[in-house]
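Peer 1:
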Amino acid sequence: MFRAMSPDSRSKAWPAWLMAGCYGLWLVAWSMATPLFSGADEWAHYLRTVGIREGRWIGDRLPEDFDFPGFTPAQQAFLRQTSRFIDVPAGMAPRGYGCNAFVAEQSAGCLAQAGAYPEARREVTVTGAYPPAFYLLPAVAMLPAHSPSSALPLARLANLLVCGVLLGLALRALAETPEPAPALTAFAVALTPMGLGTMAALSPSGPEVAGALTFAAGLYRLASQPRGGPWAWAACLVGGVALGIARALGVAWVVLLVGSFLVLLGRAGVVQLARHQRSRVLLGGGLLLGALLLSRLWERLHGATVPVTLLPSLRAWREAFKHYPVWLREQVGVFQYLDAEMPAWAYPAWGVLLLALGVGCWPRLSAGWRWRAGVVAVGILAVPLGLYAMLVRNSEFWLQGRYVLPLTCALPLLFGAGALSAEREEQAQGQRFPWVWLAGGAGFLHAVAWYSNARRSAVGNEGPWLFFSSAEWQPPLGWASGCVLALLCAVALPLCVWWAGRTGTCEPHATPPHPR
Numbered sequence: 001m002f003r004a005m006s007p008d009s010r011s012k013a014w015p016a017w018l019m020a021g022c023y024g025l026w027l028v029a030w031s032m033a034t035p036l037f038s039g040a041d042e043w044a045h046y047l048r049t050v051g052i053r054e055g056r057w058i059g060d061r062l063p064e065d066f067d068f069p070g071f072t073p074a075q076q077a078f079l080r081q082t083s084r085f086i087d088v089p090a091g092m093a094p095r096g097y098g099c100n101a102f103v104a105e106q107s108a109g110c111l112a113q114a115g116a117y118p119e120a121r122r123e124v125t126v127t128g129a130y131p132p133a134f135y136l137l138p139a140v141a142m143l144p145a146h147s148p149s150s151a152l153p154l155a156r157l158a159n160l161l162v163c164g165v166l167l168g169l170a171l172r173a174l175a176e177t178p179e180p181a182p183a184l185t186a187f188a189v190a191l192t193p194m195g196l197g198t199m200a201a202l203s204p205s206g207p208e209v210a211g212a213l214t215f216a217a218g219l220y221r222l223a224s225q226p227r228g229g230p231w232a233w234a235a236c237l238v239g240g241v242a243l244g245i246a247r248a249l250g251v252a253w254v255v256l257l258v259g260s261f262l263v264l265l266g267r268a269g270v271v272q273l274a275r276h277q278r279s280r281v282l283l284g285g286g287l288l289l290g291a292l293l294l295s296r297l298w299e300r301l302h303g304a305t306v307p308v309t310l311l312p313s314l315r316a317w318r319e320a321f322k323h324y325p326v327w328l329r330e331q332v333g334v335f336q337y338l339d340a341e342m343p344a345w346a347y348p349a350w351g352v353l354l355l356a357l358g359v360g361c362w363p364r365l366s367a368g369w370r371w372r373a374g375v376v377a378v379g380i381l382a383v384p385l386g387l388y389a390m391l392v393r394n395s396e397f398w399l400q401g402r403y404v405l406p407l408t409c410a411l412p413l414l415f416g417a418g419a420l421s422a423e424r425e426e427q428a429q430g431q432r433f434p435w436v437w438l439a440g441g442a443g444f445l446h447a448v449a450w451y452s453n454a455r456r457s458a459v460g461n462e463g464p465w466l467f468f469s470s471a472e473w474q475p476p477l478g479w480a481s482g483c484v485l486a487l488l489c490a491v492a493l494p495l496c497v498w499w500a501g502r503t504g505t506c507e508p509h510a511t512p513p514h515p516r
């Protein structure tokens, strides 16, 4: 007999909303601990935003002979496709903000000498051809600003708002489950410190990751229970559109996640979904398809093209496998100029969380979900290998972990969502898995990641771990406020899961979910 939650949806929503607020505060703490223009390519995204602020959807193309010093001919050919000239008004062009870039032992203290060029300038941004969607709100937010030091915080705040709304929608969709504790725990493991660090800087990569988490949460919620409520459908639509229009690879991530959803549903599930939710499928699918077509049209007109190798050489596959551990580390957390790392033990510790999540979810998965989820998981883990060997390698750039994070972050949700619909004997006997401890471990590692990033900013990677008295750089409100905020969020995360575990008891389900 299948079971469902007895409390009303409103009581089940409160832990999810509190958890969303926790992540919102964490994003603020991350933004405080990351100096201006220290996010990945943040200077380029800032110039792209300024261009939109000045009324230009896209800047002027670079000449064919434009030189990027230090890059190979293949890399220069790619950069000339993505780069544009931006006309920056007087006082808005940043000067001296990259003084500690790629110098891991140097703090951000040198930023005290940074400022702005007083005259109007024509700058080059390497992200000039990126889709404009997630630059619009930051561009509006920075309208009152007249300097980089005031414009970028406003743009970051707008970016945080978009990411926070997406994360809140994902968590609310997961709260509509018969057993929300494993779902919220899976989300806590899926959103790695790298995800939060990416969202805290001005970049479409942040909304891309947030959109992917929202899209996957909605899809897998519907896969486990096709009669899902409106929040799951809203997560699918909003998250899918956000993911599809964020960056050039967004369309590929949407297609792959939809494919994983269909595999999980199986033939019977697809028929049932089409029969009982036809209007929602047609409306949501039509809107999502329209967004993807607009994204592809933009890429066709302005995007970069890279040769695709359908049959990569053995050497290409060897290079891909060689760098796989680096991609995994970067997806957990390597921040700022990819030189602010967590302690070495923190990376395998996050792997232990993933393994523990799988152990806790496995007994709660139906037999059909188990083998289907296994197929999907293998496919998701293989994508970075193929992406590098067949595409990225041809540009002679390396594949960074954050590029594939929008896809791989779906893995924990894959197993957490499957545990929601299958009744198991151990549940009926009252046995409980320690979800709270898993969420507490995720919160602790998030705090470690935040502190490691703060140390890089304050004293450099070779400075003391207790850096408060010797900090060469500190955020406007000081390090004490940031530490209190990070610790508060780390403690609140397991409390949200504990509360979610107490919001419901089991009772007979009125209508059975789709067969396994």
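Residue numbers (full-length UniProt numbering): 1 to 516.
Built from N, CA and C at the ideal position, the CB exists for glycine as well.
Between which two residues does the alpha helix (DSSP H) holding Val497 run?
Peer 2: Gly478 to Gly501
Peer 1: I need the DSSP call for Val359, collapsed to helix, strand or coil.
Peer 2: helix
Peer 1: Tell me, please, which residues DSSP counts as bridged to Tyr97.
Peer 2: DSSP output for Tyr97 lists no bridge partner at all.
Peer 1: If you follow the beta strand (DSSP E) that Ala344 is part of, which residue opens it and which one closes it?
Peer 2: Neither: Ala344 is in no beta strand (DSSP E) and is coded neither H nor E.
Peer 1: In the DSSP output, what is Ala442 paired with across the bridge?
Peer 2: Partner(s): none; Ala442 has no beta bridge.
Peer 1: Taking 8 Å as the threshold (C-beta atoms), are Thr49 and Ala133 in contact?
Peer 2: no
Peer 1: Pull up the CB-CB distance for Pro452 and Ala340, whole angstroms please, since I reckon it's below 8 Å.
Peer 2: The amino acid at residue 452 is misidentified as Pro; the sequence shows Ser. 6 Å between Cβ atoms; contact.
Peer 1: For a test of the three-state rule: what should DSSP assign to Glu64, helix, strand or coil?
Peer 2: coil
Peer 1: CA-CA distance, Ala104 and Trp350?
Peer 2: 23 Å
Peer 1: How long is the line joining the alpha carbons of Ala274 and Trp231, rounded to whole angstroms?
Peer 2: The alpha-carbon atoms of Ala274 and Trp231 are separated by roughly 18 Å.
Peer 1: Look at Tyr117 and Ala155 and say whether their C-beta atoms are less than 8 Å apart.
Peer 2: no
Peer 1: Check this for me: beta carbons of Gly211 and Ala246, under 8 Å apart or not?
Peer 2: yes
Peer 1: Within 10 angstroms of its Cβ, does Ala422 collect 16 or more other Cβ (buried), or is it exposed?
Peer 2: Note that Ala422 scores 46 on pLDDT, short of 50, meaning its location in the model is unreliable; the coordinates nonetheless yield the value given after this. Its Cβ being crowded by 16 or more others within 10 Å, Ala422 is buried.
Peer 1: Got a sec, what are the start and stop residues for the alpha helix (DSSP H) Ala235 sits in?
Peer 2: Pro230 to Ala246
Peer 1: Using three-state DSSP, classify Glu105 as helix, strand or coil.
Peer 2: coil
Peer 1: Is DSSP giving Phe187 helix, strand or coil here?
Peer 2: helix
Peer 1: Taking the runs of the alpha helix (DSSP H) that are 4 residues or longer, which of them lie wholly in the segment 245-315?
Peer 2: 250-276 and 278-302
Peer 1: Helix, strand or coil for Ile52, going by three-state DSSP, please let me know.
Peer 2: helix
Peer 1: Between Glu330 and Met194, which are expected to be in contact by the criterion C-beta below 8 Å, what is the C-beta distance as a whole number of angstroms?
Peer 2: 7 Å
Peer 1: Could you check whether Val254 and Gly269 sit closer than 8 Å to each other, using their CB atoms as the reference points?
Peer 2: No, they are not a contact pair.
Peer 1: Helix, strand or coil for Gly368, going by three-state DSSP, please let me know.
Peer 2: helix
Peer 1: In this structure, does DSSP put Ile58 in helix, strand or coil?
Peer 2: Annotated three-state conformation of Ile58 is coil, per DSSP.
Peer 1: With 16 other CB atoms within 10 Å as the buried threshold, where does Cys496 fall?
Peer 2: buried
Peer 1: For Ala77, which option in Ala90, Leu62, Ile86 and Phe85 has the closest C-alpha, if you only look at C-alpha atoms?
Peer 2: Leu62
Peer 1: How far does the alpha helix (DSSP H) with Gly418 in it extend, from its first residue to its last?
Peer 2: Ala410 to Gly418
Peer 1: Can you determine whether any heavy atom of the ligand HEM sits closer than 7 Å to the C-beta of Phe78, and answer yes or no?
Peer 2: For the structure depicted, the ligand HEM is absent and the ligand set is empty, with no information on it obtainable.
Peer 1: Out of Pro207, Ser313 and Ser83, state which residue places its alpha-carbon closest to the alpha-carbon of Thr305.
Peer 2: Ser83
Peer 1: Do the segment 466-482 and the segment 206-222 touch if we need at least three Cβ pairs shorter than 8 Å?
Peer 2: Output reads no: the segment 206-222 does not touch the segment 466-482.
Peer 1: Just tell me which of Leu196, Phe85 and Phe68 has its CA closest to the CA of Trp450.
Peer 2: Looking at Leu196, Phe85 and Phe68, the one whose alpha-carbon comes closest to that of Trp450 is Leu196.
Peer 1: From Glu179 to Val28, what distance separates their C-alpha atoms?
Peer 2: 30 Å
Peer 1: Using the C-alpha atoms, what's the distance from Asp65 back to Leu167?
Peer 2: 43 Å
Peer 1: Would you report the Cα separation of Gly303 and Gln81, rounded to the nearest angstrom?
Peer 2: Between the C-alpha atoms of Gly303 and Gln81 there is a straight-line separation of about 7 Å.
Peer 1: Where Leu353 and Ser203 are concerned, what is the direct C-alpha to C-alpha distance, given to the nearest angstrom?
Peer 2: 28 Å
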